Structures are given as structure tokens and as C-alpha cells.
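Chemist:
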């Protein structure tokens, strides 16, 4: 059956597949990329994304889910900066020396 479905799907575009399956009352939906989700009118209307600031720059991220009326939730902290914990992880936990950390940074391997 997998081969038959693959052959049938490869002969149609996503919109046609969804339309045909919906017409046959088969539950179906697209598999979205991140770009698809960010521009989907339903996702936007439901407030599925929020904008936070990192180093003074806006960044659109997934909002807190599920959406609850009495306790909707929010993002208070977008997370650690890239490389913020390098010394702690690579040095303290994995035993790399200060020179190792400096070399990794100089070589562009770490931030």
C-alpha cells in the first residue's frame, strides 16, 4: 500500500491531494515547514507566535501552548545566548582548558 500511495501522491500536488481526500471524508492536512506555519492565517489569528527581543533585535518564536483563557502564559525569557554556557559545559563538565576554549573560539568552532 505504501508504494501505491507514494505513486499516487507523486502524481498530484499537495492542494489536489488534500482536496481529493477531504472529498472522500479522509482526515488530512498539510505537513508544514516553519515558513508555512509562520504565514498561515489560522496560526496568525490564533496567536501561535510571539515576538521577543534578543540583544535588542526582534525574534519571532512559538508562543505558549495550549491557549488557556484564564492562564494564557507568556515568554518571560527567550533562553540563553549562543555560547553563554560554553565555559561551564566544555570547561567545567568536559575538562577543556582555558587555552582549548580560546582556541575553539578563535577557530570559529564556538561563539
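In the working numbering, the protein residues as written are 4 to 114.
Every residue gets a Cβ at the ideal spot worked out from N, C-alpha and C, and that includes glycine.
If you're wondering where the values come from, they're calculated on a predicted model, not measured in any experiment.
Using a Cβ-Cβ cut-off of 6 Å (strictly less than) and excluding sequence neighbours within five positions of residue 46, which residues of its own chain qualify?
Modeler: Closer than 6 Å at Cβ, skipping near neighbours: 40.
Chemist: Can you tell me whether DSSP reads residue 54 as helix, strand or coil?
Modeler: strand
Chemist: Out of 32, 64 and 113, state which residue places its alpha-carbon closest to the alpha-carbon of residue 78.
Modeler: Residue 64 is the option with its Cα nearest to residue 78.
Chemist: Using the Cα positions of residue 74 and residue 103, report the straight-line distance between them to the nearest angstrom.
Modeler: 46 Å
Chemist: Hey, residue 89 and residue 113: beta-carbon distance below 8 Å or not?
Modeler: yes
Chemist: Look at the alpha carbon of residue 80 and the alpha carbon of residue 52, and state the distance between them as a whole number of angstroms.
Modeler: 15 Å
Chemist: Going by DSSP, what residue range makes up the beta strand (DSSP E) through residue 64?
Modeler: Annotation: the continuous beta strand (DSSP E) that includes residue 64 extends over 60 to 65.
Chemist: Suppose the cutoff is 8 Å on Cβ atoms and the five residues either side in sequence are ignored; what does the same chain contact list for residue 58 look like?
Modeler: 84
Chemist: Throw me the rounded Cβ distance for the residue 12 and residue 4 pair, which I believe falls under 8 Å.
Modeler: No, residue 12 and residue 4 are not in contact; Cβ-Cβ is about 12 Å, not under 8 Å.
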